[in-house]
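Chemist: Each residue of the sequence shown is one higher than the one before, starting from 292 at the first, in the numbering used here. The beta-carbon is built from N, C-alpha and C at its ideal position, and this holds for glycine as well. This one's a predicted model, so the numbers in the text were calculated from it and none came from an experiment.
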Amino acid sequence: MRHVQALRSGCLGPSVGRKRNMDEAAVLRSAPLPRDRAVSLQWLRLVAAAMVVLYHAAVYLQIMKGSTWGTELVPGWFGAVGVGLFFALSGYLMSRIMTTTSFQDFILHRIIRIYPTFFLATILFLGLGTIAGLSPIWDWRSWTLMPSGPASYALGVEWTLVFEMMFYVFVGLLILFKKQGSAITVLIAWLLVMNLHNVYRPDDPSINLFHPFGLPFVSLNVAFAAGMLLPLVLKTHVPHPVIAILIGLNTFYIGAHFGTVPVRWGIGIGAGLIVLSLASWQYDGNLPGQRILDRIGDRGGSYTYALYLIHVPIIRMVYVQSDGQDPRFLFWLVVVVSFASSIPFGMLDNYLYRQLKKRSDRASSPVKSSLAFGFVAVFLVYSVLAGIAL
């Protein structure tokens with residue numbers, strides 16, 4: 292579903308702990324961050340996820356129940372900033388992954404990180420959503436997570452995963468052609484081209500489904516590019532996290548006065564700086580209950596992909612089944628149910644990833660190459676054909 296205007300559509304739409312499932316965790320182990328910095332990034336994932344959940348709970352409360360209580364409580368920029376932080380985190384982690392893994396492993400790890408849990412969440416919602424009376428949308432194009440233009444997405448968040456997959460293919464090609472050393476030049480060039488495109492063909496704030504040929508130039512990509520570029524150029528003199536947050540907020544607020552594109556640029560640059568600062572600065576204190584807080588942040592951060600996939604279906608199913616309830620009760624109910632449900636689903640997500648990654652790592656080199664090259668080729672050909680067809 293297309294989301295609500297201007298700032299609300301400005302974007303939209305996660306300590307190295309035990310049994311961490313993500314490729315990102317592997318990166319933190321291979322090029323270790325101090326534990327407190329790794330935990331900081333996990334907490335940032337959790338905060339970003341909470342912002343997106345609160346945003347959607349408020350927006351769907353208005354759409355489905357006619358109540359503005361949630362949208363009056365939750366700032367309209369929560370969703371945009373939450374997704375921007377996720378994108379910037381991906382960019383930052385790609386700046387580390389690209390120098391520590393092969394093209395084949397990178398692409399295969401990305402595929403098994405994204406697709407299996409996504410397929411499972413979609414299948415579950417098609418069944419449960421039908422029982423709840425929502426008539427979930429079936430569109431085969433949405434299952435590809437490839438640039439398709441105006442496809443229909445059952446979970447309501449898949450369009451952001453299309454951006455993710457495009458970015459992973461981009462980084463994979465850098466690795467394939469051994470251009471990691473030229474990443475700074477490539478990223479700056481991408482940002483310049485994006486800027487020119489945004490000047491002459493500004494983003495339409497009313498849509499979040501983009502033409503395949505225009506997808507690389509949408510200003511939502513700034514968060515990816517900034518998250519990846521800043522760690523490569525700011526080796527020293529990284530601002531303190533508090534200063535980074537203040538700078539990030541100001542770039543956002545300044546952009547907010549000039550329209551959708553400047554807002555997205557402000558969020559992207561600010562998010563990239565916040566991620567870099569949290570990854571670079573070491574906290575020397577010891578808060579009461581530090582170990583418990585670290586454990587909550589680490590576990591919660593590792594469940595955020597699952598939370599991201601399931602929260603909109605949960606919100607919609609609860610709202611459609613609830614008549615005559617206090618909107619305030621419904622709002623907090625869907626937030627609690629979303630987070631509670633993400634724990635078992637996140638544990639399953641982690642388990643699936645670990646098992647599939649083991650199988651992938653044990654596969655022979657020819658099999659890995661065939662799968663990785665095949666996926667990238669299909670992604671590129673599909674994107675071109677989809678763009679021609681529109």
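1. Report the residue from VAL374, TYR346, PHE620 and ALA668 whose alpha carbon sits nearest the alpha carbon of TYR596.
2. Hey, would you say TRP518 sits closer than 7 angstroms to GLY563, going by beta carbons?
3. Closer than 8 angstroms by C-beta to PRO553: which residues in its own chain qualify, once you throw out the five before and the five after it? Chain order, please.
4. Taking contact to mean 3 or more Cβ pairs, one atom from each stretch, closer than 8 angstroms, check whether the segment 658-667 and the segment 395-415 are in contact.
5. For the segment 553-624, which segments carrying the beta strand (DSSP E) assignment without a break, of at least 3 residues, lie completely within its bounds, in sequence order?
6. Can you list, in chain order, the stretches of the alpha helix (DSSP H) that have 4 or more residues and sit fully within the segment 379-435?
7. Looking only at C-alpha atoms, which of THR391, TRP434, ARG336 and GLY447 sits nearest to ILE601?
8. Evaluate TRP431 with the Cβ neighbour count: other Cβ atoms within 10 Å of its Cβ, from every protein chain shown; 16 or more gives buried, anything less gives exposed.
9. If ILE386 and PRO522 are in contact, beta carbons under 8 angstroms, what's the gap, nearest whole angstrom?
10. So, helix, strand or coil for MET437, using DSSP?
11. Should VAL625 and ALA348 be called a contact, given that it needs their Cβ atoms to be closer than 7 angstroms?
12. Going by DSSP in three states, TRP368 sits in which element: helix, strand or coil?
13. Since SER358 is in the alpha helix (DSSP H), which residue starts that stretch and which ends it?
14. Using only the alpha-carbon positions, how far apart do GLY270 and LEU335 sit?
15. Kindly say whether LEU364, judged by its beta-carbon, lies nearer than 7 angstroms to any beta-carbon of chain B.
16. On the DSSP letters alone, give me the boundaries of the alpha helix (DSSP H) that THR476 sits inside.
17. Give the secondary structure of GLY447 by DSSP, where H, G and I count as helix, E and B as strand, and everything else as coil.
18. Please list, in chain order, all residues of the same chain as TYR459 whose beta carbon is under 6 angstroms from its beta carbon, the five residues on each side excluded.
19. May I have the straight-line CA-CA distance separating PHE369 from TYR346, to the nearest angstrom?
20. Relative to the C-alpha of ALA339, which residue among LEU364, TRP360, VAL372 and ILE354 is closest?
21. Excluding sequence positions up to five away, which residues of its chain have a Cβ less than 7 angstroms from the Cβ of MET608?
22. Go ahead and pull the three-state DSSP assignment for ASN499.
23. My output table needs one value for ASP494: the three-state DSSP class, helix, strand or coil.
24. Out of GLY559, LEU520 and THR551, which one is the CA nearest neighbour of ILE536?
25. Measure the alpha-carbon distance for ALA668 versus LEU506 and round it to whole angstroms.
26. I need the straight-line Cα distance from ALA474 to ALA516, nearest angstrom please.
27. Under the assumption that MET437 contacts SER674 (Cβ atoms under 8 angstroms), give the Cβ distance between them as a whole number of angstroms.
28. So ARG404 and TYR644 are supposed to be a Cβ contact under 8 angstroms. How far apart are they, rounded?
29. If VAL330 and ASP589 are in contact, beta carbons under 8 angstroms, what's the gap, nearest whole angstrom?
30. Just reading off the alpha helix (DSSP H) that LEU662 is part of, what are its end residues?
31. Among MET355, ILE428 and PRO441, which residue has its Cα nearest to the Cα of ALA680?
32. Going by C-alpha to C-alpha distance, which of ILE538, MET457 and VAL627 sits closest to PHE501?
33. Do you know how far the Cα of GLN353 is from the Cα of GLN616?
34. Report back the beta-carbon spacing between ALA379 and ALA514 to the nearest angstrom; my notes put them in contact at under 8 angstroms.
35. So what's SER321 in DSSP terms, helix, strand or just coil?
Modeler: In short, the structure shows the following:
1. VAL374
2. Sequence check: residue 518 is Gly here, not Trp. The answer is yes: Cβ separation under 7 angstroms.
3. ILE545, GLY546 and ALA547
4. yes
5. none
6. 394-423 and 431-435
7. GLY447
8. exposed
9. Here residue 386 is Ser; the residue named in the question, Ile, does not match the sequence. Rounded, the Cβ-Cβ distance is 5 angstroms, consistent with contact.
10. coil
11. yes
12. coil
13. Counting along the chain, SER358 falls outside any alpha helix (DSSP H), and DSSP gives it neither H nor E.
14. This structure gives no information on residue 270, because the portion of the chain shown stretches from 292 to 681.
15. In the structure shown, chain B does not exist; there is a single protein chain.
16. 474-491
17. coil
18. ARG401
19. 6 angstroms
20. VAL372
21. LEU419, GLY420, ALA423 and LEU425
22. coil
23. coil
24. GLY559
25. 18 angstroms
26. 10 angstroms
27. 6 angstroms
28. 6 angstroms
29. 6 angstroms
30. 656-680
31. PRO441
32. MET457
33. 14 angstroms
34. 5 angstroms
35. Because the pLDDT at SER321 is just 40, under 50, the model does not fix this residue reliably, and the value given afterwards should be weighed accordingly. In the structure shown, SER321 sits in a helix (DSSP, three-state: H, G or I).
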